[in-house]
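Protein chains in written order, with UniProt numbering: chain A, 1 to 902; chain B, 1 to 171.
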Amino acid sequence: MAIIHVDGKQYEVKGGENLLQTCLSLGLDIPYFCWHPALDSVGACRQCAVKQYKDGDDKQGRIVMSCMTPTTDNTWISIDDEESKEFRETIISFLMTNHPHDCPVCEEGGHCHLQDMTVMTGHHNREYRFTKRTHRNQELGPFIAHEMNRCISCYRCVRFYNDYAGGTDLGVYGSAANVYFGREKDGTLESEFSGNLTEVCPTGVFTDKTHSERYTRKWDMQFSPSICASCSVGCNISPGERYGEVRRIENRYHGELNGYFLCDRGRFGYGHVNRKDRPRQLLVSKDGRREAMDAGDTLDFIRQQLQAGKPVLGIGSPRASIESNYALRELVGTAHFSNGQTALDAALTRLCLDVLRQGPAKCATPSSIEDADAVLVLGEDVLATAPRIALALRQAAKGKADTMCAEKKVPDWQAASAKDIAQRLLNPVFVATPAATRFDDIAAATHRAAAPDLARLGYAIAHALDASSPAVEGLDTKTAELAQRIAAALKAAKRPLVISGTGCGDAAVIQAAANIAWALQASHPAAEICLAVPESNSIGLALFEAVDLEAALARAAAQPSVLVVVENDLYARLPAAQVDAALARSTLIVLDHQDTRTAQRAQALLPAASFAEGDGTLINYEGRAQRYFQNFDPAYYDRSVAVAESWRWLDRLQNGDAARENLDEVLAQAEAALPALKGIAAAAPNASFRIKGMKIARAPQRQSGRTAARANIFVHEPRSTQDADSALAFSMEGVNGASGVDRPPELLPFAWAPGWNSPQAWNKFQAEVGGALRGGDPGVHLVKAAASRPAYYSAVPAALKPNGALRVEPLYQHFGSEELSSLAAPIQQRIPASYAALSVGDAARLGVNHAERISITLDGQTFSLPARVRPDLPAGVLGLPVGLAGVPPLKAGSAATVAKGA
Amino acid sequence: MSTDKVVKLADLNKPSFVLSDEERHEIEHALTHYPDGRAASIDALKAVQKHRGWVPDDAIPVIAAAIGISAADLEGVATFYSLIFRRPVGRHVIKVCDSISCHLTGYDELRDELEKQLGIRYGQTTKDGRYTLLPICCLGACDRGATMMIDDDLHGPVEPKDVAAILGGYQ
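Spelled out as structure tokens, the structure:
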């Protein structure tokens with residue numbers, strides 16, 4: 001607690017942080033560049049100067065950098081002081097000497113922190129009339145464009161990319177007035193978080209290349225509050241649309257989940273929405289050809305099929321919304337609804353849900369992961385399966401600096417001091433996975449083993465922490481010693497954390513992780529667990545308690561049925577023969593927004609909405625329900641587009657003219673029908689929510705060209721689409737933030753506040769800068785942990801004994817393993833070539849050389865891939881990259897036989 | 001007639017840069033002086049420069065791997081220090097002090113004389129590859145201004161009339 005005096009006003013604040021952060025939290029504007037709430041202070045740019053006084057009587061004062069000055073009790077400062085204002089304007093004028101006057105052609109324009117700060121300081125006229133320094137730009141890959149002339153040398157890019165995200169291929173070159181930020185040579189930026197450079201850079205050095213070809217100013221785009229569907233974390237995103245296309249994805253701040261940062265898969269994977277080959281009309285298959293039909297006829301055709309007397313089976317999807325899955329369950333009946341997950345995925349997700357429900361270990365969020373001081377990663381390559389968690393994990397390791405700062409009484413927001421104090425010391429992170437990960441560099445120790453052996457290590461750690469948990473027989477000395485070492489490190493920590501998940505496809509691994517988290521509880525009530533699940537709505541589907549995909553397909557194979565498949569490509573989940581057998585004698589109705597292999601076989605295909613054209617709710621790995629809202633109405637630009645949410649099609653199929661009116665009704669019924677979903681409607685305000693009688697605008701106040709947007713189609717401007725499903729309006733009309741009235745955080749479509757056009761505007765929506773959004777971070781927790789102490793899991797698996805066949809370990813990829821993002825062209829450029837990974841010993845035994853083609857037989861399928869001999873892989877294991885071309889759907893733990901030759 | 005240089009297959013397959021045994025030995029020796037490979041960055045760059053006169057671009061990833069840091073990090077060090085040469089230099093490098101004491105004691109006459117006699121300007125190398133002319137900030141010999149340094153030898157005070165004789169000593 002501290003009292004500070006700013007320009008004669010007195011404020012009661014928390015104290016301890018720096019004056020810049022404190023003043024921004026108080027809603028006072030001080031311009032800055034090198035400071036960032038997630039990157040702390042280095043005092044490099046001198047932009048945040050204010051005048052500090054000894055006391056109330058001091059009239060002289062001295063200029064200090066507010067980001068480097070601690071907020072202590074009885075601090076007296078002035079932001080308005082004339083000398084400070086002049087100083088700040090001078091800084092901008094210095095920066096401007098070399099900054100090009102290219103705002104009209106710069107893609108940062110309109111959401112540029114440098115523009116905002118220039119206006120804020122009042123530096124309106126450029127006086128420098130001489131030559132500016134210029135640089136050659138680099139080719140940085142499919143995501144990021146580079147324009148070094150615009151650089152103001154704030155160093156935020158390298159402080160994010162290297163210090164925060166652990167990148168190694170972005171550097172600073174030269175010195176003094178000739179400083180260059182880029183790679184050592186041209187080439188793709190390697191970090192999976194490179195996209196954040198576009199938001200971290202205060203000007204237009206690093207911009208979004210995927211946006212560039214169809215560029216639109218921020219103020220001309222229409223945004224919506226949305227949720228990323230690229231993994232189970234549920235990062236909040238803000239897609240921007242113009243002319244019926246998603247043009248870019250921006251980060252939408254969420255204090256507990258994504259904070260200020262997204263992964264590249266989430267940011268650049270939106271291209272599937274804009275694909276030309278998407279189904280946009282209703283298609284009915286006649287004589288082997290697909291023909292577009294109108295909605296009435298198609299729905300009648302489907303109704304006839306549903307009433308033909310055959311059993312009707314519904315196959316839902318963990319990448320579809322709760323609403324769509326619920327509507328399908330309503331249409332086909334509870335007993336005929338499948339969750340659309342493979343038996344293994346469904347069982348593992350169900351197990352994760354059970355662990356969360358049983359408690360007592362709390363489920364970690366990315367922001368709580370950052371505070372952990374000892375971490376075990378058991379079996380999960382989170383950089384591939386839940387990338388945002390891997391970025392948080394890196395901060396947990398670096399948290400050592402905070403502890404050391406506290407011991408030395410140095411504020412931990414002094415970034416340069418913290419880095420110097422900690423050098424390379426990190427909090428202990430142990431990475432036990434089947435194969436090497438790209439976060440091994442922060443590991444105190446790594447351990448490579450097949451899933452059952454990882455589980456055995458996990459059980460042994462739990463036993464070392466609590467002797468009443470099951471012991472592991474016959475563990476080798478080295479592993480036993482590692483278990484002791486990890487147990488000791490977790491025990492010595494204040495906030496230990498276990499990260500695991502469904503990634504290595506083995507229940508025993510998840511059970512062992514749970515045992516560890518539970519064994520820690522007695523001594524460490526702050527110990528947490530984090531379990532990544534396969535897809536964006538996997539936990540949501542687990543709450544439906546439905547049968548799995550194999551069971552549904554077995555029924556269809558046994559008896560000719562009508563299969564209604566919602567947003568699910570069955571061929572991506574199970575071997576083609578198994579799917580073919582089920583579809584051979586069945587009628588197939590598909591609702592999807594992509595023309596998948598399954599969709600191509602449909603007798604009738606209904607064009608479903610992607611996240612951008614529809615509303616829905618997803619439930620993330622923690623059991624947090626979050627609503628995503630329609631970004632735009634595609635029919636506004638093209639009346640022939642019939643795209644609608646799957647739940648809306650299913651509702652119309654079932655109820656015809658009596659179809660429900662809006663999303664709220666669907667949610668209310670889902671809540672009533674499924675007790676596990678209780679509370680889901682509260683994930684966001686409903687459609688009747690208004691502020692002073694007005695809806696909330698999706699587009700910024702300055703959006704231009706609305707009356708002319710459709711003039712090429714027809715000269716009269718139609719009424720903008722009316723949104724019956726939410727409190728948002730499809731235009732710039734309504735509450736847009738200009739009036740200073742808070743919108744609920746769930747309904748914030750974009751970051752903009754008066755004077756703040758850049759993503760730094762998020763600081764205006766937080767109760768405390770860098771903390772929770774005012775009104776609370778979005779989402780409702782549907783999974784409640786019981787307080788009771790659960791019984792330990794006890795099914796300790798046997799060690800893997802190589803017996804000739806190899807055990808399949810799925811290797812998830814950041815790019816390529818997730819279905820929808822892999823349909824985006826920029827992502828496709830980053831997907832690695834397919835391979836099959838073998839240990840050095842197995843390769844020698846089989847006589848296989850690196851890059852030589854091998855033939856693999858597993859689950860009745862035979863295919864060939866180039867071998868990759870990897871020293872990190874344990875013996876007896878075949879590592880296969882999930883989802884890459886030429887790799888069929890995998891079942892983790894299957895036995896594969898491998899032979900030389902294609 | 002085409003004037004393109006003939007590309008030889010053998011050249012294409014040659015690794016672009018290989019450390020000599022001597023260079024590798026010196027870098028490994030430097031590594032023993034520090035707890036952290038990063039600290040040996042300058043020593044490692046100087047080792048290569050000692051043998052080759054300069055540090056080619058292709059050398060950066062190789063040296064970086066030898067001391068266990070990223071190429072981007074090492075390139076940052078190699079471009080920060082003006083005495084790590086990133087372009088070929090002449091057999092002898094002339095560094096003319098342009099700091100304040102030498103400014104007062106005849107630095108510009110000295111520079112003009114060097115430029116006249118060598119026929120080159122700052123940053124350039126004579127056609128015969130004998131001299132490279134560079135400015136340098138303070139040589140720490142303010143009592144002997146105007147000063148210049150050729151290779152490792154300090155000269156000063158130097159008057160324009162002395163230049164020819166001094167240059168003659170560096171073949």
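Quick reminder that beta carbons are idealized off the backbone N, C-alpha and C, glycines included.
Residues of the stretch 167-186 of chain A with a C-beta less than 7 angstroms from any C-beta of chain B: Thr168, Asp169, Leu170, Gly171, Val172, Tyr173, Gly174, Ser175, Arg183 and Glu184, listed in chain order.
Among the CB atoms of chain A, none fall inside 8 angstroms of the CB of phenylalanine 85(B). DSSP assignment within the stretch 423-464 of chain A yields the following whole beta strand (DSSP E) runs of 3 residues or more, N-terminal first: 429-433 and 445-448.
Taking 8 angstroms as the cut-off, the beta carbon of leucine 26(A) is found closer than this to the beta carbon of tyrosine 11(A). Aspartate 859(A) and alanine 514(A) have their C-alpha atoms spaced approximately 30 angstroms apart.
One Cα belongs to valine 172(A), the other to alanine 401(A), and the distance between them is close to 23 angstroms.
Beta-bridge analysis with DSSP links valine 42(A) to no other residue. Exposed is the label assigned to histidine 29(B), since fewer than 16 other Cβ atoms lie within 10 Å of its Cβ.
Flagged as an interface residue toward chain A: aspartate 73(B), by a C-beta distance shorter than 8 angstroms. Every unbroken stretch of the beta strand (DSSP E) spanning 3 or more residues and falling wholly within the stretch 860-891 of chain A is given here in chain order: 861-870 and 877-881. Nearest C-alpha to phenylalanine 430(A) among Ala445(A), Lys801(A), Ala397(A) and Gly109(A): Ala445(A).
Glycine 614(A) is positioned such that its CB atom lies closer than 8 angstroms to that of glutamate 645(A). In this structure, glycine 204(A) sits away from cysteine 45(A), with a CB-CB distance that is not shorter than 8 angstroms.
The C-alpha of valine 42(A) lies about 6 angstroms from the C-alpha of alanine 416(A). In terms of Cα proximity to alanine 372(A), the closest of Cys363(A), Glu380(A) and Gly379(A) is Cys363(A). Rounded to whole angstroms, aspartate 440(A) and glutamate 330(A) show a C-alpha spacing of 47 angstroms. Taking C-beta atoms as the reference points, valine 89(B) and arginine 111(B) fail to come closer than 8 angstroms. At least one beta carbon of chain A lies nearer than 8 angstroms to the beta carbon of serine 70(B). The beta carbons of glutamate 746(A) and proline 700(A) sit no closer together than 8 angstroms. If you draw a straight line from the Cα of proline 411(A) to the Cα of aspartate 40(A), it is about 10 angstroms long. Within the DSSP bridge table, the entry for asparagine 655(A) names no partner.
In the three-state DSSP reduction, glutamine 722(A) falls in the coil class, being neither helix nor strand. It is roughly 8 angstroms from the alpha-carbon of leucine 139(B) to the alpha-carbon of methionine 148(B). Counting only Cβ-Cβ distances below 8 angstroms, glycine 76(B) has contacts in chain A at Gly171, Val172 and Tyr173, in chain order. When secondary structure is reduced to three states using DSSP, cysteine 154(A) falls in the coil class, being assigned neither helix nor strand. For the C-beta of isoleucine 60(B), the chain A residues within less than 7 angstroms are, from N- to C-terminus, Glu184.
Taken atom to atom, the span from the alpha-carbon of proline 470(A) to that of isoleucine 510(A) is near 15 angstroms.
Counted as a single uninterrupted DSSP element, the beta strand (DSSP E) harbouring glutamate 12(A) occupies residues 9-13.
With contacts defined as CB atoms closer than 8 angstroms, isoleucine 713(A) and glycine 623(A) fail to qualify as a contacting pair. None of the residues of the stretch 15-31 of chain B has a beta carbon lying less than 7 angstroms from any beta carbon of chain A. Exposure of methionine 1(A) is indicated by the presence of fewer than 16 other C-beta atoms within 10 angstroms of its C-beta. Secondary structure at tyrosine 131(B): strand, using DSSP grouped into helix, strand and coil.
Boundaries for leucine 563(A): no alpha helix (DSSP H) harbours it, while the beta strand (DSSP E) harbouring it runs 562-566, taken from the DSSP string.
Excluding its 5 nearest sequence neighbours in each direction, valine 6(A) has C-beta neighbours in its own chain below 6 angstroms: Ile77, listed in chain order. Serine 99(B) sits in coil when the DSSP states are folded into three classes, being neither helix nor strand. By the rule that beta-carbons nearer than 8 angstroms mark a contact, threonine 79(B) touches chain A.
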